[in-house]
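Trainee: Quick one: the structure is below, questions incoming.
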Amino acid sequence: MSRFSSTGKKPRITRLSAAVVLGALFAVAAWVSPAAAIGLGQCWNTTYKGVSLHVCDADQWLTTGNSWYFGNSRLTMQTDGNLVIYNQRTGRAAWSTGTHGTRANRMDFHGNGRFNPMIVRDDRTGQVYWNSSPNSTCPSDNRTVLALQSDSNFVMYCYQNGTFGRAIWASGTVY
Numbered sequence: 001m002s003r004f005s006s007t008g009k010k011p012r013i014t015r016l017s018a019a020v021v022l023g024a025l026f027a028v029a030a031w032v033s034p035a036a037a038i039g040l041g042q043c044w045n046t047t048y049k050g051v052s053l054h055v056c057d058a059d060q061w062l063t064t065g066n067s068w069y070f071g072n073s074r075l076t077m078q079t080d081g082n083l084v085i086y087n088q089r090t091g092r093a094a095w096s097t098g099t100h101g102t103r104a105n106r107m108d109f110h111g112n113g114r115f116n117p118m119i120v121r122d123d124r125t126g127q128v129y130w131n132s133s134p135n136s137t138c139p140s141d142n143r144t145v146l147a148l149q150s151d152s153n154f155v156m157y158c159y160q161n162g163t164f165g166r167a168i169w170a171s172g173t174v175y
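Take 1 as the starting number for the sequence shown in UniProt numbering and just add one per residue.
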């Protein structure tokens, strides 16, 4: 049986064709990385000192209602303005910026030489409610990367040519 009509009518989409198209769309949606869908910078998974890391370059952001997942950790920008790390096993909050009750709706990671490379702010007004205030900055020939670790620590590292340097900020949430 031909799917083409000799009467000049447009062919109908069969149920099988529709199922194939929908299946392909769902498969593509499953392949999208949560972090890649939210920021512009490159992200990758690696191991450093025996701990698995989900590492992201600068130009990352996380908006209200979105999360990054890695290992047993979930980093979420909540609708109440708070940026929170949750333990996936227990569902308990391990760390937060303490910005609940504000109009904060976005976490930005700028990195690359800025004094406050990570901020939580109101995207509409630019009002900053929290910043990472790192202890130091990276050498000029390094870049700053952000890592959500499998042990739940959220860390900013100096990074150069595939090698991690010192941590310049950390949430301190290891479990």
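The C-beta atom is built at its ideal place from N, Cα and C for all residues, glycine as well.
Using the three-state DSSP reduction, which class does arginine 166 fall into: helix, strand or coil?
Mentor: In this structure, arginine 166 counts as strand in the three-state DSSP scheme.
Trainee: Go to glutamine 149, then tell me how far its beta strand (DSSP E) extends in each direction, as first and last residue.
Mentor: Taken as a continuous stretch (DSSP letters only), the beta strand (DSSP E) holding glutamine 149 covers 143–149.
Trainee: Taking the straight line between their C-alpha atoms, what separation do you get for threonine 99 and valine 128?
Mentor: About 10 Å.
Trainee: With a threshold of 7 Å, establish whether the CB of threonine 99 neighbours any heavy atom of the ligand ATP.
Mentor: Ligands in the displayed structure: none, and consequently the ligand ATP is not present.
Trainee: Using alpha carbons as the reference points, say which of Gly41, Asp141, Asn66 and Asp151 lies closest to glycine 50.
Mentor: Comparing Cα-Cα distances from glycine 50 to each of Gly41, Asp141, Asn66 and Asp151, the minimum goes to Asp151.
Trainee: Can you name, in chain order, every residue of its own chain whose Cβ lies under 6 Å from the Cβ of aspartate 80, other than the five neighbours on each side?
Mentor: Answer for aspartate 80: His100, listed in chain order.
Trainee: At the level of alpha carbons, what is the spacing between arginine 121 and glycine 162?
Mentor: Computed Cα separation, rounded: 31 Å.
Trainee: I'd like the ranges of any alpha helix (DSSP H) spanning at least 4 consecutive residues and lying wholly in the segment 72–106.
Mentor: Listed in chain order, there is nothing to give.
Trainee: Assuming serine 96 contacts leucine 83 under a Cβ cut-off of 8 Å, what Cβ separation, rounded to an integer in Å, is found between them?
Mentor: Contact holds; Cβ gap of about 6 Å.
Trainee: Go ahead and pull the three-state DSSP assignment for threonine 46.
Mentor: In the structure shown, threonine 46 sits in a strand (DSSP, three-state: E or B).
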